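Asks: In our numbering, the protein residues as written are 61 to 392.
Glycine included, C-beta positions come from ideal geometry on N, C-alpha and C.
Predicted, not measured: the structure shown is a model, and the values here were computed from it.
Structure in C-alpha cells, see below.
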C-alpha cells in the first residue's frame, strides 16, 4: 500500500434490493394469479405442497403454479425435492444452478408421471355448490380421485388431440371463448389460468425494476410473429397468435420463469436472443412436438445455451471496442 494513504469506501451506488426483497416482490406479483387459480379449482388446489424454507420458497411457489390443481400430494413433494436437490444443490446452491429449478422439476414430473401431470379438472369455483368441500379436498389430495370430469374447453392438449383425428380449427374452436380464457375461467394449472392477472403481475415487476422487458417482449413477439405467419398460410391447421398467447403457461413463463437472473444471459442483447429462442422453441414444440405445451422444454434448452450466449454477446468494456481492443486516443 502507498505510504500515508488510508483506504476509504468506494464511490459505489447502493441499492435497497436484496435476494430476499426480490424473491418477495416476485411472489407478491404472482399471488393474484395464484389466488384466482385457487378460486377456480377450490380447496384441492390450495393443498398443493410447496417447500417453505427461505430461498426455496419462490422455487416451490413457481413449481406449484405449473402443477395440475388437483394433483396428488406426492407429486408436489417429489417435484419440490427434484427442484431443490437436482435443480439447485447439485450445482452448489443458490445462484449456481444452470437450469431453472421449477422447470427442471416440472419436465421431470411430466416425463415420469404423464397421467398425473395431464389430468385437468373442470373449473370448480370455491364455495360453489359443485365445488369439493374441505374434507373432500383432503381426500382428493391424499387419496386421489379416480373419475375427474372432462371438459370441452379448447386447451392446447385438446386441440392437438382433435388435430390427430383430422378435425380443423373451425370445428374445434366452435365453443371456444377467448374472453373466458383471458380472465382465467379455464382448466389448467394455476399458472395457466388468468392471462390478465399474470400480465398485470409481470408489468408490475418491470415497473418495479425487478425484471427487464427484454426477455418477455422478445419471447412473446417471436411467438406472435411465427403464429401469425403460419396462421395466415393455413388458418385451419395452425393456431392463431391470440390463442397461443392466451393458452398454456405462456405468460407465466414469459414474466416469471424465463426472467430468472441465474439462468438467463447477462446482457440486454443476450436477453433478447434468449427470449427469441424460447419463443421459437415454444412455437415449434407446440406445433409439431409430441407435447402440447413446450414452455418447460424451451426454457431448459435455452438455459443450456445461456453460457454460449454470454460467451459471444459480452458487454463492451469501457475504453475498448466490441472486440475487446483498446480504443485509439485521437491525437490533438
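#1: Say whether the segment 338-357 touches the segment 296-310, bearing in mind that this needs 3 or more beta-carbon pairs closer than 8 Å, one atom from each stretch.
#2: Roughly how many whole angstroms lie between the Cα atoms of residue 341 and residue 221?
#3: Below 8 Å on the Cβ atoms is my guess for residue 359 versus residue 313; work out the distance and round it to an integer in Å.
#4: Output the distance between the C-alpha atoms of residue 406 and residue 227, rounded to the nearest integer angstrom.
#5: Quick check on DSSP: helix, strand or coil for residue 386?
#6: Determine, using beta carbons only, whether residue 143 and residue 94 come nearer to each other than 9 Å.
#7: Pull up the distance between the alpha-carbon of residue 333 and that of residue 274, whole angstroms please.
#8: Cβ of residue 215 within 9 Å of Cβ of residue 272?
#9: For residue 118, I'd like the list of residues in its chain whose CB is within less than 7 Å of its CB, leaving aside the five on either flank, ordered along the chain.
#10: Could you work out which residue in 347, 292, 128, 366 is closest to residue 326 when comparing CA atoms only?
#11: Please name the residue in 276, 255, 298, 248 whose C-alpha comes closest to that of residue 337.
#12: With 16 other CB atoms within 10 Å as the buried threshold, where does residue 249 fall?
#13: Please state whether the Cβ-Cβ distance between residue 158 and residue 347 is less than 9 Å.
#14: Within its chain, find whatever has a CB closer than 7 Å to the CB of residue 398; leave out the 5 residues flanking it on each side and keep chain order.
#15: Note down the Cα distance separating residue 166 from residue 371, rounded to an integer number of angstroms.
#16: Determine the DSSP secondary structure at residue 346, reduced to helix, strand or coil.
#17: Please report the Cβ distance between residue 139 and residue 170, rounded to the nearest whole angstrom; I am assuming they are in contact, meaning their Cβ atoms lie under 8 Å.
#18: Using the three-state DSSP reduction, which class does residue 110 fall into: helix, strand or coil?
#19: Could you check what DSSP says for residue 247 in three-state terms: helix, strand or coil?
#20: According to DSSP, is residue 149 part of a helix, a strand, or is it coil?
#21: At the level of alpha carbons, what is the spacing between residue 288 and residue 390?
#22: Roughly how far, in whole angstroms, is the beta-carbon of residue 35 from the beta-carbon of residue 128, given that I think they are within contact range, below 8 Å?
#23: Out of curiosity, what's the CA-to-CA distance linking residue 131 and residue 141?
Replies: Walking through what the data contain:
#1: Contact holds: three or more Cβ-Cβ distances are below 8 Å.
#2: 20 Å
#3: Between residue 359 and residue 313, the beta carbon gap of about 6 Å places them in contact (Cβ cut-off 8 Å).
#4: This structure does not reach residue 406, given that the chain is present from 61 up to 392, and the question cannot be answered.
#5: strand
#6: no
#7: 9 Å
#8: no
#9: 83, 86, 87
#10: 366
#11: Of the candidates 276, 255, 298, 248, the one whose C-alpha sits nearest the C-alpha of residue 337 is 276.
#12: buried
#13: no
#14: Only positions 61 to 392 of the chain appear in this structure, which leaves residue 398 out of reach.
#15: 28 Å
#16: helix
#17: The pair is not a contact, with the Cβ atoms about 10 Å apart (cut-off 8 Å).
#18: Because residue 110 sits at a pLDDT of 48, beneath the cut-off of 50, its placement in the model cannot be relied upon, and the point is left open.
#19: coil
#20: helix
#21: Taking the Cα positions, residue 288 is about 50 Å away from residue 390.
#22: Coverage of the chain is limited to positions 61 through 392, which leaves residue 35 absent and any answer about it impossible.
#23: 16 Å
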